[in-house]
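Its first residue numbered 120, the sequence shown is counted upward by one per residue in the numbering used here.
In this text, a Cβ means the ideal position worked out from N, Cα and C, and glycines have one as well.
Here the structure is a predicted model, which is why all the values come from computation and not from measurement.
To keep things clear, I will list the structure first and then write my remarks on it.
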Amino acid sequence: MSLASTPTSKASRTSAAGSPVQQFADVGPPPAYTSSSAGSAARRAAVEKDKKRAASPSPSNSTSHRTNSNGSQRVASPRPGSNGGLGRAYHSMTPTPRSQLLSLASLPGSEHAALHPQSTGPRSMLDIAHQQVVESTAFRAISALRRVGELKIGIYTRPSDCTPDEQTLSLDIAHAVANSQRLNRFLFALLAQSDIEDGRANIVVVASAQYLVEKAAALVQAKFLGRVTHASLGENIWFGVLEPWVFVPAEANATTFDAEALLHILRRIAQDETVLDPLIPPPGSRSINDILESARAQLQRLQPREAFDECIIFNNPDGAVLVDIRPAAQRATYGEIPGALVIERNVLEWRFDPRCEARLDIATRYNLRVIVFCQEGYTSSLAAASLLDLGLKNATDIVGGFKAWKDAGLPTSGGPSSEA
Numbered sequence: 120m121s122l123a124s125t126p127t128s129k130a131s132r133t134s135a136a137g138s139p140v141q142q143f144a145d146v147g148p149p150p151a152y153t154s155s156s157a158g159s160a161a162r163r164a165a166v167e168k169d170k171k172r173a174a175s176p177s178p179s180n181s182t183s184h185r186t187n188s189n190g191s192q193r194v195a196s197p198r199p200g201s202n203g204g205l206g207r208a209y210h211s212m213t214p215t216p217r218s219q220l221l222s223l224a225s226l227p228g229s230e231h232a233a234l235h236p237q238s239t240g241p242r243s244m245l246d247i248a249h250q251q252v253v254e255s256t257a258f259r260a261i262s263a264l265r266r267v268g269e270l271k272i273g274i275y276t277r278p279s280d281c282t283p284d285e286q287t288l289s290l291d292i293a294h295a296v297a298n299s300q301r302l303n304r305f306l307f308a309l310l311a312q313s314d315i316e317d318g319r320a321n322i323v324v325v326a327s328a329q330y331l332v333e334k335a336a337a338l339v340q341a342k343f344l345g346r347v348t349h350a351s352l353g354e355n356i357w358f359g360v361l362e363p364w365v366f367v368p369a370e371a372n373a374t375t376f377d378a379e380a381l382l383h384i385l386r387r388i389a390q391d392e393t394v395l396d397p398l399i400p401p402p403g404s405r406s407i408n409d410i411l412e413s414a415r416a417q418l419q420r421l422q423p424r425e426a427f428d429e430c431i432i433f434n435n436p437d438g439a440v441l442v443d444i445r446p447a448a449q450r451a452t453y454g455e456i457p458g459a460l461v462i463e464r465n466v467l468e469w470r471f472d473p474r475c476e477a478r479l480d481i482a483t484r485y486n487l488r489v490i491v492f493c494q495e496g497y498t499s500s501l502a503a504a505s506l507l508d509l510g511l512k513n514a515t516d517i518v519g520g521f522k523a524w525k526d527a528g529l530p531t532s533g534g535p536s537s538e539a
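Right under this line is the structure:
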């Protein structure tokens with residue numbers, strides 16, 4: 120028979136006047152459990168005193184009763200050694216004081232009204248395992264937080280079947296993160312996702328300030344428009360239920376990208392918190408010169424003559440494909456390279472991705488040599504770096520672009536005459 124079903128347990132949940140014990144929110148912070156010898160002696164004395172007062176004998180000597188400050192009784196922890204050492208584990212734990220608990224009982228959803236234990240009595244092994252999962256997950260989540268400006272932000276994703284028990288676990292993890300003494304100003308989101316075929320998810324957002332939570336909640340509901348079917352706002356915490364996507368494209372079958380979208384929201388809030396002067400670049404941003412240098416650092420760029428020697432259009436069957444990404448207006452104004460493949464910049468990646476249905480017939484292998492050029496060799500560097508990201512590791516561009524090609528006296532057609 121379980122402890123909850125014994126006559127003693129039932130009696131322990133009624134006050135001296137016979138009224139039910141008040142909820143945990145109405146009772147002062149429970150005393151911290153201790154394993155000291157003085158505490159053990161006091162507990163033994165309390166047990167003997169309760170035995171004399173009890174109307175019927177207790178079914179087990181491993182359970183005692185203690186009296187709260189308001190006169191009600193509660194089940195005390197088993198004595199060390201009375202349950203194979205389990206009591207020692209109970210006595211080594213200190214319950215969270217009421218003052219540290221988030222106000223989750225005020226959430227609108229009735230299923231979230233009792234998210235924390237209402238009894239201060241001994242916990243089962245399942246409760247202990249639950250607490251260990253909460254603490255270990257919260258530790259990993261806190262360790263993964265990164266500073267963006269004045270805030271520490273981060274998300275933690277975990278698989279979930281989105282049952283009520285899983286929702287409670289997610290809320291407890293977020294609560295543990297919020298109560299960490301290692302955090303000052305922070306914004307954290309936990310995403311509990313089911314598998315891709317199900318598509319459901321739960322989101323919990325906690326922060327060091329209420330306005331951060333409210334801002335995040337508004338952005339989440341706008342970002343996931345139509346998918347947030349239930350939302351509850353509490354003190355420094357927000358909980359939302361996401362329904363599945365109506366349609367998931369075949370090429371996105373590996374992820375719904377919910378985590379990426381959620382992280383983008385947190386970064387946006389952190390940047391808004393940091394940038395007070397609109398003339399100051401936000402943290403994490405890069406100038407176009409930095410982006411261009413980063414792209415060119417990945418390339419082995421070619422001089423016009425080197426590109427000419429490699430091109431397949433000049434009777435070299437094992438050579439490269441020369442690609443003109445300039446718009447039609449520039450080609451008409453400045454001229455073209457005879458035989459170059461014209462693919463404007465806005466569709467370049469789709470034409471050369473071997474995995475894309477809109478690819479060219481020649482774009483079937485990842486070792487294809489693609490030499491991109493624009494008018495002066497700036498846009499082509501960014502385009503070639505984008506092809507590298509697709510896996511075309513032999514992609515590059517021409518230093519100086521079409522202008523340098525023409526200045527080197529290499530073949531061109533159209534455009535103004537050389538005398539002009």
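Asked                                                                                                        : Found
For Ala311, the nearest candidate out of Tyr330, Ala297, Ile247, Ser289 (CA to CA)                           : Ser289
Reduced DSSP secondary structure (H/G/I, E/B, other) of Phe307                                               : strand
Every unbroken beta strand (DSSP E) within the region 471-517, with a cutoff of 3 residues, ordered by chain : 489-492
C-alpha gap between Asn355 and Val253, whole angstroms                                                       : 19 Å
DSSP-derived helix/strand/coil call for Asp280                                                               : coil
Residue burial classification, Val296 (beta-carbon count within 10 angstroms, cutoff 16)                     : buried
Bridge partners - Phe358, DSSP secondary structure assignment                                                : Val323, Ser351
Neighbour-count burial assignment, His383, 16 or more Cβ in a 10 Å radius                                    : exposed
Simplified DSSP assignment, three categories, for Leu411                                                     : helix
Whether Asp516 touches Gly496 by CB criterion (8 Å)                                                          : yes
Three-state secondary structure assigned by DSSP to Arg242                                                   : coil
Residues near Gln340 in its chain [Cβ-Cβ closer than 6 Å; skip 5 each side]                                  : Val347
DSSP bridge partner residues for Ile275 (one or two, in chain order)                                         : The sequence shown places Tyr at residue 275, rather than the Ile named in the question. Its beta-bridge partners are Leu309.
Nearest-angstrom Cα separation, counted from Ala503 out to Leu418                                            : 8 Å
C-beta atoms of Gly520 and Tyr485 nearer than 8 Å                                                            : no
Span of the beta strand (DSSP E) around Leu441                                                               : 440-443
Minimum C-alpha distance to Ser299 - residue among Leu264, Ser499, Glu468, Arg464                            : Leu264
Beta-carbon gap between Ile407 and Leu361 smaller than 8 Å                                                   : no
Inter-residue Cα distance where the pair is Val461 and Leu467                                                : 10 Å
Where the alpha helix (DSSP H) containing Val267 begins and where it ends                                    : Element bounds for Val267: not the alpha helix (DSSP H) but the beta strand (DSSP E), 265-267.
Residue closest to Leu529, alpha-carbon to alpha-carbon, out of Phe258, Pro446, Cys430                       : Cys430
Option in Arg470, Ala337, Ala514, Ser262 with minimal Cα separation from Ile274                              : Ser262
Check whether Leu309 and Ala293 have beta carbons under 8 Å apart                                            : yes
Integer Cβ distance of Leu270 from Arg304, believed to fall under 8 Å                                        : 5 Å
Nearest to Arg420 (by Cα), restricted to the options Ala260, Cys493, Ser500                                  : Ser500
Close Cβ partners of Cys475 (< 7 Å) along its chain, the five nearest in sequence each way excluded          : Trp469
Pro397 in three-state terms, based on DSSP                                                                   : coil
8 Å Cβ shell around Arg478 - same chain, five flanking residues per side excluded                            : Trp469, Arg470, Phe471, Asp472
Ala350 versus Thr287: straight-line alpha-carbon distance, rounded                                           : 14 Å
Rounded C-alpha distance that separates Lys522 from Gly438                                                   : 22 Å
Exposure label - Pro423; buried when at least 16 CB within 10 Å                                              : buried
Beta-carbon proximity check, Ser313 vs Asp284, cutoff 8 Å                                                    : no
Euclidean distance between Cα positions of Leu338 and Pro400                                                 : 22 Å
Under the three-state DSSP convention, the category Leu460 falls into                                        : strand
Closest Cα partner of Ala380 within the set Lys342, Ser413, Gly458, Phe307                                   : Lys342
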